[in-house]
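Notes for the one structure printed next.
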Amino acid sequence: MRERYFIVTYGCQMNVHESEKIAGLLRAAGYESADSQENADLIVFNTCCVRENAENHAFGNIGALKKLKKQKKNLIIAVGGCMTQEKGKAETLKEKFPFIDVIFGTLNLEELPALIQKKREEKKRVIKICEKEGEIVEDVKPFRTSFPNAWVNIAYGCNNFCSYCIVPYVRGRERSRKEENILAEIRLLVEQGYKEITLLGQNVNSYGNDLKDGSSFARLLDKAASIEGKFRLRFMTSHPKDFNADVVEVMKKHPKICRLVHLPVQSGSNEILRRMNRRYTAEEYLNKIQMLKSAIPQAEVTTDIIVGFPGETEEDYLQTEELVKKADFASAFTFVYSKRSGTKAAEMPDQVPEDVSKNRIMRLVELVNTLTRKKSETYVGKTVEILCEDYDEKKKAYLGRDEFGRMAYFPYPKNVVGRFVRVNVLTANGISLFGEVAEVED
Ligand code: SAH
Ligand code: SF4
Ligand code: F3S
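First residue of the sequence shown? That's 21 in our numbering, and the numbers climb one at a time after it.
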């Protein structure tokens, strides 16, 4: 019988996709997937360290495996992802959890099957983290589990060093994949019937800068959207300092490109933005939105916001509220600043007390919810095009998203997963919509 794997994933879309790559590697090495941790012979944790609670989560769940490991002597536990790349963390994991068998990093993920093999043969724990990013490995075939959606990496790593952020330390410098490899992957996905393709990078707008062969994100996007077939194209994340008119022009030219830009603002205070090393002002940020919306009036923007950055005063916080009111976001992810050791911000004086940050995040969430709810209500009575993703047993309805990422539920007698469906919106409930099918497209 084949050995079975179970992967536990934390963190961003990049990590979710990397878990698909880990699954692909394991399947190529003869494993098959297990339906639960209890039924697995190999459990892989793909960790995140962007905020402390992501780490605590992983620590808790790894710790909880001690019992299972005692019952099942042959169970292999492997830990990878961003946390293992953090300075000193692999050591901490090793000491805290003597039952972990393999520790690997984000920069050598393709080695996992070989590291497991080594552990089996030598009967010793295997720990291998690479400090330095090597060549991009192109031949890892992901095992995708999100049909009709597919993710495609366009670049790895980040050069921006926002002062609060640990990503550049754990993911290395920015490396772009070659345009021809990305386009070949997209073409194949479209042939296989995938209907929504999301291009992934920490800062997609700086794609190609390191290749020095004329590659640019605008050119890549133009070529990707010129691929034949009905599908949607998305991209994330855009850094406001690099998001420019050339990309907007391409978006305007191709109906395949979703008119949605995820443009993390982080703060509405220029002083905080300066100390975050974001390299734009609140005014410049709002001008970028203006530039987008004057070219494409229906375009929408989503964002990320941090409250409680070191030195953030009530006045700074209120400027964030002001910006949120002006920016007309479709939705916003809000975070309490989390101190990450090794980053510039961790050394800054005036760390904001927890109760102050908590109070600010509550107020901000309230504001964001009110605004997004209002936006949802404007959908009632309209017809939207939904790409059906799944069936919800509890709601007895299919679900999917419109081009702006808004979730809609609708009943239908036949399976329409993977198809575009026109839905008349009857009600809006907070952030999701509910409606009836007007037409199923082919
Ligand atoms: N490259 C992307 C994603 C980075 S991580 C970008 O530039 O937006 C996703 C979000 O996590 C960030 O936008 C930021 O809002 C948040 N984040 C990053 N580091 C954080 C920290 N130390 N504390 C709280 N939130 C953080
Ligand atoms: Fe982190 Fe900034 Fe890079 Fe995004 S752009 S990954 S927030 S350093
Ligand atoms: Fe993503 Fe977390 Fe790493 S947000 S890049 S998995 S630190």
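No residue lacks a Cβ here, since even glycine has one placed at the ideal position from N, Cα and C.
**Study point:** Cβ pair count under 8 Å reaching 3, the stretch 273 to 280 against the stretch 325 to 339
**Key:** Short answer: they don't touch.
**Study point:** Per-residue DSSP class, three states only, for residue 385
**Key:** It is helical.
Exercise for review: List the residues that DSSP assigns as beta-bridge partners of residue 172.
Suggested key: Paired residue(s): 219.
Check your understanding: Do residue 70 and the ligand F3S come close, with the Cβ less than 7 Å from some heavy atom?
Key -> It does: the Cβ of residue 70 is within 7 Å (strictly closer) of some heavy atom of the ligand F3S.
Review point. What is the DSSP secondary structure of residue 197, counted as helix, strand or coil?
Key: If DSSP states are grouped into helix, strand and coil, residue 197 belongs with coil.
**Study point:** Same chain, Cβ closer than 8 Å to residue 207, neighbours up to 5 away in sequence not counted
**Key:** So the list reads 247, once near-sequence residues are dropped.
Practice item. Provide the residue(s) that pair with residue 419 in DSSP beta bridges, ordered along the chain. Key: According to DSSP, which records beta bridges pairwise, residue 419 is partnered with 410, 429.
Review point. At a cut of 8 Å, does the stretch 112 to 131 reach the stretch 75 to 89 through at least three beta carbon pairs?
Key: They touch, by the three-pair rule.
Practice item. Indicate the three-state DSSP secondary structure (helix, strand or coil) for residue 379 in the structure shown. Key: Helix at residue 379.
Review point. With contact counted as at least three CB pairs below 8 Å, one residue from each stretch, are the stretch 54 to 65 and the stretch 94 to 103 in contact?
Key: Yes, the stretch 54 to 65 touches the stretch 94 to 103.
Practice item. Can you grab the Cα-Cα spacing for the pair residue 399 / residue 242, in whole Å? Key: Between residue 399 and residue 242, the C-alpha separation is close to 30 Å.
Practice item. Compute the minimum distance between the beta carbon of residue 284 and the heavy atoms of the ligand SAH, and state whether it is under 7 Å. Key: When distances are taken from the beta-carbon of residue 284 to the heavy atoms of the ligand SAH, the shortest one is below 7 Å.
**Study point:** residue 426 beta carbon less than 8 Å from that of residue 460
**Key:** No.
Review point. In three-state terms, what does DSSP make of residue 80?
Key: In the structure shown, the three-state DSSP call for residue 80 is helix.
Review point. Could you give the C-beta distance for residue 184 and residue 458, rounded to a whole number, given that I count them as a contact under 8 Å?
Key: About 45 Å; that fails the 8 Å criterion.
Exercise for review: Whole angstroms is fine: what's the gap from residue 338's alpha carbon to residue 387's?
Suggested key: Near 12 Å, if we compare the C-alpha coordinates of residue 387 and residue 338.
Practice item. Taking residue 404 and residue 445 to be in contact with their CB atoms under 8 Å, please state how far apart those CB atoms are, rounded to whole angstroms. Key: Indeed they touch by this definition, with Cβ atoms about 6 Å apart.
Point to revise | residue 193 and residue 156 closer than 8 Å at C-beta | key: Against a cut-off of 8 Å, the Cβ pair of residue 156 and residue 193 comes out as no contact.
Review point. Looking at residue 191 and the ligand F3S, is the gap between the Cβ and the nearest heavy atom below 7 Å?
Key: At least one heavy atom of the ligand F3S is found less than 7 Å from the C-beta of residue 191.
Exercise for review: Could you tell me whether any Cβ in chain B is nearer than 8 Å to the Cβ of residue 318?
Suggested key: Protein chains in the displayed structure number just one, and chain B is not present.
Point to revise | residue 455, DSSP secondary structure in three states | key: Residue 455 sits in a strand when the DSSP states are folded into three classes.
Point to revise | Pair within 8 Å by beta-carbon distance, residue 297 and residue 262 | key: With respect to the 8 Å criterion, residue 297 and residue 262 are not classified as neighbours on the basis of their beta carbons.
Check your understanding: Considering only the beta carbon of each residue, do residue 448 and residue 396 sit closer than 8 Å?
Key -> In this structure, residue 396 lies closer than 8 Å to residue 448 by Cβ.
Check your understanding: CB residue 354 to CB residue 384, shorter than 8 Å?
Key -> Cβ atoms of residue 354 and residue 384: closer than 8 Å.
Point to revise | Beta-carbon separation (whole angstroms), residue 107 vs residue 362, contact threshold 8 Å | key: Contact annotation, residue 107 with residue 362: C-beta distance approximately 6 Å; criterion of less than 8 Å satisfied.
Exercise for review: List the endpoints of the continuous beta strand (DSSP E) containing residue 334.
Suggested key: Counting along the chain, no beta strand (DSSP E) covers residue 334; the unbroken alpha helix (DSSP H) around it starts and ends at 334 to 347.
Check your understanding: Hey, would you say residue 8 sits closer than 8 Å to residue 253, going by beta carbons?
Key -> Nothing in the structure corresponds to residue 8, since the chain is present only between 21 and 462.
Practice item. Note down, in chain order, each residue of its chain lying with its Cβ closer than 6 Å to the Cβ of residue 231, except the 5 sequence neighbours on either side. Key: The answer, listed in chain order, is 196.
Review point. Near the ligand SF4, which residues have their beta-carbon less than 6 Å from any of its heavy atoms, given in chain order?
Key: A Cβ closer than 6 Å to some heavy atom of the ligand SF4 marks a residue here, and those residues are 178, 180, 181, 182, 185, 187, 188, 222, 223, 259.
Check your understanding: Is the distance from the Cβ of residue 147 to the Cβ of residue 110 below 8 Å?
Key -> With respect to residue 110, residue 147 sits close: the two C-beta atoms are nearer than 8 Å.
Point to revise | From 424, 53, 78, residue whose alpha carbon lies closest to that of residue 256 | key: Closest by alpha carbon: 424.
Practice item. Ignoring anything shorter than 4 residues or poking outside the stretch 271 to 324, list the alpha helix (DSSP H) runs there in chain order. Key: For the stretch 271 to 324, whole alpha helix (DSSP H) runs of length 4 or above, ordered along the chain, are 290 to 295, 302 to 315.
**Study point:** Nearest residue (CA-CA) to residue 273, options 249, 289, 357, 315
**Key:** From the listed residues 249, 289, 357, 315, the smallest Cα separation to residue 273 is found for 315.
Check your understanding: Within 10 angstroms of its Cβ, does residue 112 collect 16 or more other Cβ (buried), or is it exposed?
Key -> Burial is judged here by how many other beta carbons sit within 10 angstroms of a residue's own beta carbon; residue 112 has fewer than 16 and is exposed.
**Study point:** Cβ-Cβ distance between residue 358 and residue 145 below 8 Å
**Key:** No, they are not a contact pair.
Check your understanding: Under 8 Å between the Cβ atoms of residue 163 and residue 43?
Key -> Residue 163 places its beta carbon less than 8 Å from that of residue 43.
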